[in-house]
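S.K.:
There are 2 protein chains.
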Amino acid sequence: MTDIARMAEVDISTVSRALANSPRVTEETKERIRRIVEETGYVVNHGARMLRSRSSNQILVLLGNIAATTFPEVVLGIEEAVQEHGYSVLVGSTHNDPERQEILANQLLTGAADGIILMTGLLPEVVRNFPNYEQHVVAVTRMVPDKRIPQVNIDNRAAMETAVAHLLALGHSRIVHLSGPLDSPTFQARAEGYRRAMRSAGAHPAVIPSQAFNIQAGIEAMERLLALPDRPTAIICASDEMAMGAISLATGKGIRVPDDMSFVGFDDIPFSVVMNPPLSTIHIPRRDMGRAGGRILLRNLTEGAGKAENVVLRHELIVRGSCGRLSRSR
Amino acid sequence: MTDIARMAEVDISTVSRALANSPRVTEETKERIRRIVEETGYVVNHGARMLRSRSSNQILVLLGNIAATTFPEVVLGIEEAVQEHGYSVLVGSTHNDPERQEILANQLLTGAADGIILMTGLLPEVVRNFPNYEQHVVAVTRMVPDKRIPQVNIDNRAAMETAVAHLLALGHSRIVHLSGPLDSPTFQARAEGYRRAMRSAGAHPAVIPSQAFNIQAGIEAMERLLALPDRPTAIICASDEMAMGAISLATGKGIRVPDDMSFVGFDDIPFSVVMNPPLSTIHIPRRDMGRAGGRILLRNLTEGAGKAENVVLRHELIVRGSCGRLSRSR
DNA sequence: TTGAAAGCGCTACCAC
DNA sequence: GTGGTAGCGCTTTCAA
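The structure is reproduced here in structure tokens:
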């Protein structure tokens, strides 16, 4: 920057102001400086700027597993909200390991990130010790048990009730739920919504939990289910990936979908459309959730945190081909 | 850090050395300092460290679209290779927009990242002007037309030849290729491998290109194909996502897979196992590619770039259920 | 083995 | 509107 200043025959402070587009520099001077910057290919040093201005213009997104198909589109939404304000997005995969999450979250403390968007459902210990942490953290997609942190989510309970209602309307009553990890409030909420809806319909709830919510988990849960007596006529899965695993196993065992068994997924990932049969599922507005989360974080970062905002977006049942009407003859 | 120094009753420089685990500090002193750091929850300031040491310990991964299912697992591999050496990984989605890529790549110039792993097949202009850029860049998954940059990839041409050979062996000869964007060397190579294999078998190659390689692209390409006279008996897709789109469209039109038409995918994403029928495809070692790329970048960062290394990993044909034997009666 | 001190490149405050 | 300048928090060289 000193070089630029010399070349432009102004003081270094003027260059700094010009580059920050301060109104206290003539348009003329700015133009001259901009030209020189252009010519020399100069870029400001991120470290120095961070050191001085105590901000990195980086947002850290923490998620359990970057390979879970449901997350990337949320990230896309966050990027959209955040980029035009000069922030860039950094994604960290915690592999559901609290320790890894702590390490990654340290980026906030060291100043490498100005804010964190949590999609893990876990508030890192180190963050809780950060002054005004509620100003720097937003939970998206996965709730965090902390009233001070703004949250963006859908109503998982209600979504499951929607799913159960759909199956009920088709004449099913022996419906089981293939759940995700029940230490996660998200999957707890889904299981609870399922139970509540079943009970109020006078049906008997049955939940088969898993440690994960990917394809493999769906396969294994389905294996366990099929080993049981008294096969259900319909299944609600905690994620589309699980549903796909479960359906593939069932199909492999000669079970016809939806004739013999109906399936509902959760997430509406792009692949659910091209399944055979196409998967009926609960759509969640991932992109919008990301955008909302990004917006809130940005606002809190610049204006300070007010009362923690709690955004609940709408889910939607997408009826495709994986659910059949139950004939009374059964 | 000054506080820590005061509390430990040593000089700030000693604290710095202790934290860097320099051998020039007594184990005793180190221990005392470590304890105080622990108690106070102190973390070094990332900006200041960057400013002084001119390194950020961050690796930037640039990819076209974070939502393309094939990429995340490569990122996982990179993380594996890089994390234990104290680097963290930053993912940037360019949306295949060269301009966005330039903006993201600036992170290298500003010092926010020490190195870049390119999965876009495009070398950013700004990087080319960076001194010793070949030391800071590795191309993974997508080749870059620059001999100075190390590359990690599979042999896309050979992989397609494998795919064609498989179909040939099943009796097919009217095989068309649903290609991805042909401005990408990767998809060019795949198309070329296909053409070469077809020609040397005395068969007539036919390529239908697309602007993308996602599900939608597969659907649209298949639509175009089916509008043509003279339907092929087998189709090789440039990606699994395309194959899934194409199969779903074909199935919707009453074409039976694999009885009426065979399909081969490319990538072996997790979903290909649970398709109905399960997708025969070319497996590419994404995790390994990521790891290799991360390792090379790290080495170049620390030891300087030697001759650009060119790693070619092995692909593998995975035979599942989407290809049928062509009966001679046809 | 430890201390002192010089900056890294920038921003922001204060003067003019 | 512009210039001068202190200092952000750290690393590293030099001296002791």
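Residue numbers (this note's numbering), protein chains in the order written: chain D, 1 to 330; chain W, 1001 to 1330.
Each residue gets a CB set at the ideal place from its N, CA and C atoms; glycine is no exception.
Only a predicted model underlies this, so the values are computations on that prediction, with no experimental measurement involved.
Taking all protein chains shown into account, do 16 or more other C-beta atoms lie within 10 angstroms of the C-beta of Pro1131 (chain W), making it buried, or fewer, making it exposed?
M.R.: Within the second sequence, numbered from 1, the residue matching residue 1131 (chain W) stands at position 131. So Pro1131 (chain W) counts as exposed.
S.K.: For Phe1071 (chain W), which residues from the same chain have a beta carbon less than 7 Å from its beta carbon, with the 5 sequence-adjacent residues on both sides left out?
M.R.: Numbered from its first residue, the second sequence carries residue 1071 (chain W) at position 71. Excluding positions up to five away in sequence, the list reads Leu1063, Met1119.
S.K.: Quick check: the Cα distance between Ser262 (chain D) and Leu167 (chain D), rounded to an integer number of angstroms?
M.R.: The residue you call residue 262 (chain D) lines up with position 262 of the first sequence. The residue you call residue 167 (chain D) lines up with position 167 of the first sequence. Taking the straight line from one Cα to the other gives about 8 Å.
S.K.: Quick one: Cα of Ala165 (chain D) to Cα of Val1082 (chain W), how far?
M.R.: For the purposes of this step, residue 165 (chain D) is taken as residue 165 along the first sequence, with counting starting at 1. For the purposes of this step, residue 1082 (chain W) is taken as residue 82 along the second sequence, with counting starting at 1. Whole-angstrom Cα-Cα distance: 48 Å.
S.K.: Helix, strand or coil: how does DSSP classify His204 (chain D) here?
M.R.: For the purposes of this step, residue 204 (chain D) is taken as residue 204 along the first sequence, with counting starting at 1. His204 (chain D): coil per DSSP, three-state reduction.
S.K.: Got a sec, what are the start and stop residues for the beta strand (DSSP E) His1315 (chain W) sits in?
M.R.: Translated into positions along the second sequence, residue 1315 (chain W) becomes position 315. That residue, His1315 (chain W), is in no beta strand (DSSP E); it is neither H nor E in DSSP.
S.K.: List the residues of chain D whose Cβ lies closer than 9 Å to the Cβ of Met1222 (chain W), in chain order.
M.R.: Numbered from its first residue, the second sequence carries residue 1222 (chain W) at position 222. Simply none; closest approach about 11 Å.
S.K.: Spell out whether any CB of chain D is found under 8 Å from the CB atom of Asn1096 (chain W).
M.R.: Locating residue 1096 (chain W) in the second sequence gives position 96, where the first residue counts as 1. Against chain D, the CB of Asn1096 (chain W) has no partner CB under 8 Å away; the residue lies outside that interface.
S.K.: Near Val1283 (chain W), which residues of its chain fall below 7 Å by C-beta distance, leaving aside the five closest residues on each side in sequence?
M.R.: As a position in the second sequence, residue 1283 (chain W) is number 283, starting the count at 1. Contrary to the premise, residue 1283 (chain W) reads as His rather than Val in this sequence. Once the five neighbours on either side are set aside, the close Cβ partners of His1283 (chain W) are Asp1268, His1315, Glu1316, Ile1318.
S.K.: When you compare each of W:Ser1179, W:Ala1105, W:Thr1141 to Ala1191 (chain W) by their alpha carbons, which one comes out closest?
M.R.: Position 191 of the second sequence, counting from 1, holds the residue named residue 1191 (chain W). Of the listed residues, the one whose Cα sits closest to Ala1191 (chain W) is W:Ser1179.
S.K.: Cβ closer than 8 Å: which chain D residues qualify as neighbours of Gly1111 (chain W)?
M.R.: Here residue 1111 (chain W) refers to the residue found at position 111 of the second sequence. Within chain D, the residues near Gly1111 (chain W) are Asn45, His46, Gly47.
S.K.: So that I know if they touch, is there some Cβ in chain W lying closer than 8 Å to that of Asn129 (chain D)?
M.R.: By one-based count along the first sequence, residue 129 (chain D) stands at place 129. Yes, Asn129 (chain D) counts as interfacial toward chain W.
S.K.: Do Gly1092 (chain W) and Ser88 (chain D) have their CB atoms nearer than 8 Å?
M.R.: The residue you call residue 1092 (chain W) lines up with position 92 of the second sequence. The residue you call residue 88 (chain D) lines up with position 88 of the first sequence. Taking 8 Å as the Cβ cut-off, Gly1092 (chain W) and Ser88 (chain D) qualify as a contacting pair.
S.K.: Go through the region 229 to 288 of chain D residue by residue and report every complete run of the alpha helix (DSSP H) that reaches 4 residues or more, in order.
M.R.: As far as the region 229 to 288 of chain D is concerned, its whole alpha helix (DSSP H) runs of at least 4 residues are 240 to 252, 271 to 274.
S.K.: Please state whether DSSP places Ser13 (chain D) in a helix, a strand or coil.
M.R.: The residue labelled residue 13 (chain D) in the question sits at position 13 within the first sequence. Three-state DSSP puts Ser13 (chain D) in a helix.
S.K.: Do the CB positions of Val144 (chain D) and Ile117 (chain D) come within less than 8 Å of each other?
M.R.: Numbered from 1 along the first sequence, position 144 holds the residue referred to as residue 144 (chain D). Numbered from 1 along the first sequence, position 117 holds the residue referred to as residue 117 (chain D). Cβ atoms of Val144 (chain D) and Ile117 (chain D): not closer than 8 Å.
S.K.: Quick check on Met1244 (chain W) - is its C-beta less than 8 Å from some C-beta in chain D?
M.R.: Position 244 of the second sequence, counting from 1, holds the residue named residue 1244 (chain W). Yes, its Cβ sits closer than 8 Å to a Cβ of chain D.
S.K.: Report the option in D:Pro209, D:Met242, D:Met1 whose CA atom is closest to the CA atom of Ile12 (chain D).
M.R.: For the purposes of this step, residue 12 (chain D) is identified with residue 12 of the first sequence, where counting begins at 1. Comparing Cα-Cα distances from Ile12 (chain D) to each of D:Pro209, D:Met242, D:Met1, the minimum goes to D:Met1.
S.K.: Do we get a CB-CB distance below 8 Å when we pair Thr1120 (chain W) with the residues of chain D?
M.R.: The count along the second sequence starts at 1 and reaches residue 1120 (chain W) at position 120. No, Thr1120 (chain W) does not count as interfacial toward chain D.
S.K.: Looking at the unbroken alpha helix (DSSP H) that takes in Val144 (chain D), where does it start and where does it end?
M.R.: On the first sequence, residue 144 (chain D) is found 144 positions in, with the first residue counted as 1. Here Val144 (chain D) belongs to no alpha helix (DSSP H), and DSSP marks it neither H nor E.
S.K.: Taking the Cβ atom as the reference point for each residue, do Ile235 (chain D) and Val311 (chain D) lie within a distance shorter than 8 Å?
M.R.: As a first step, residue 235 (chain D) must be located in the first sequence, where it is residue number 235. As a first step, residue 311 (chain D) must be located in the first sequence, where it is residue number 311. For Ile235 (chain D) and Val311 (chain D), no; Cβs fall outside 8 Å.
S.K.: Going by CA-CA distance only, name the one from W:Ala1250, W:Asp1240, W:Ala1217 that's closest to Leu1226 (chain W).
M.R.: Here residue 1226 (chain W) refers to the residue found at position 226 of the second sequence. The option with the nearest alpha carbon to Leu1226 (chain W) is W:Ala1250.
S.K.: What number of angstroms, rounded off, separates the C-alpha of Thr1110 (chain W) from the C-alpha of Leu123 (chain D)?
M.R.: Taking the second sequence and counting its residues from 1, the one referred to as residue 1110 (chain W) is at position 110. Taking the first sequence and counting its residues from 1, the one referred to as residue 123 (chain D) is at position 123. Going by the C-alpha atoms only, they are around 31 Å apart.
S.K.: Could you tell me the alpha carbon to alpha carbon distance between Arg342 (chain D) and Met160 (chain D), rounded to whole angstroms?
M.R.: Since the first residue of chain D shown is 1 and the last is 330, residue 342 (chain D) is not available in this structure.
S.K.: List in chain order: all unbroken beta strand (DSSP E) runs of 3+ residues lying wholly within the region 1035 to 1117 of chain W.
M.R.: 1058 to 1063, 1088 to 1093
S.K.: With 8 Å set as the bound, which would you pick, yes or no: does the beta-carbon of Met50 (chain D) sit closer than that to a beta-carbon of chain W?
M.R.: By one-based count along the first sequence, residue 50 (chain D) stands at place 50. Taking Cβ atoms only, chain W reaches closer than 8 Å to Met50 (chain D), which makes this a yes.
S.K.: At a Cβ cut of 7 Å, what residues of the region 1028 to 1043 of chain W count as close to chain D, listed as they run along the chain?
M.R.: Gly1041, Val1043
S.K.: Using a Cβ-Cβ cut-off of 7 Å (strictly less than) and excluding sequence neighbours within five positions of Arg1199 (chain W), which residues of its own chain qualify?
M.R.: To locate residue 1199 (chain W), count along the second sequence from 1; it is residue 199. Correct list, in chain order: Pro1205.
S.K.: Please report the straight-line C-alpha distance between Val25 (chain D) and Arg35 (chain D), rounded to a whole angstrom.
M.R.: Counting from one through the first sequence, the residue named residue 25 (chain D) turns up at place 25. Counting from one through the first sequence, the residue named residue 35 (chain D) turns up at place 35. Each residue's Cα considered, the two are about 15 Å apart.
S.K.: Distance cutoff 8 Å, beta carbons only. Does Ser280 (chain D) sit that close to anything in chain W?
M.R.: Numbered from its first residue, the first sequence carries residue 280 (chain D) at position 280. No, Ser280 (chain D) lies away from the interface with chain W (no Cβ there is under 8 Å from its Cβ).
S.K.: Straight-line CA distance for Met244 (chain D) to Met1244 (chain W)?
M.R.: For the purposes of this step, residue 244 (chain D) is taken as the residue at position 244 of the first sequence. For the purposes of this step, residue 1244 (chain W) is taken as the residue at position 244 of the second sequence. Spanning the two alpha carbons is a distance of roughly 14 Å.
S.K.: Is the beta carbon of Ala1238 (chain W) less than 8 Å from the beta carbon of Phe1187 (chain W)?
M.R.: Residue mapping note: residue 1238 (chain W) aligns to position 238 of the second sequence, counting from 1. Residue mapping note: residue 1187 (chain W) aligns to position 187 of the second sequence, counting from 1. Yes, these two residues count as a Cβ contact at 8 Å.
S.K.: Please state the DSSP three-state secondary structure of Met1198 (chain W).
M.R.: Start at 1 with the first residue of the second sequence, and residue 1198 (chain W) comes out as number 198. The answer is helix: DSSP assigns Met1198 (chain W) an H, G or I state.
S.K.: Under the DSSP definition of a beta bridge, which residues are partnered with Leu1178 (chain W)?
M.R.: Numbered from its first residue, the second sequence carries residue 1178 (chain W) at position 178. DSSP lists W:Ile1208, W:Cys1237 as partners of Leu1178 (chain W).
S.K.: My understanding is that Leu76 (chain D) touches Ala1067 (chain W), with C-beta atoms under 8 Å, so please give their C-beta distance in whole angstroms.
M.R.: Counting from one through the first sequence, the residue named residue 76 (chain D) turns up at place 76. Counting from one through the second sequence, the residue named residue 1067 (chain W) turns up at place 67. That belief holds up - the Cβ atoms of Leu76 (chain D) and Ala1067 (chain W) are roughly 6 Å apart, short of 8 Å.
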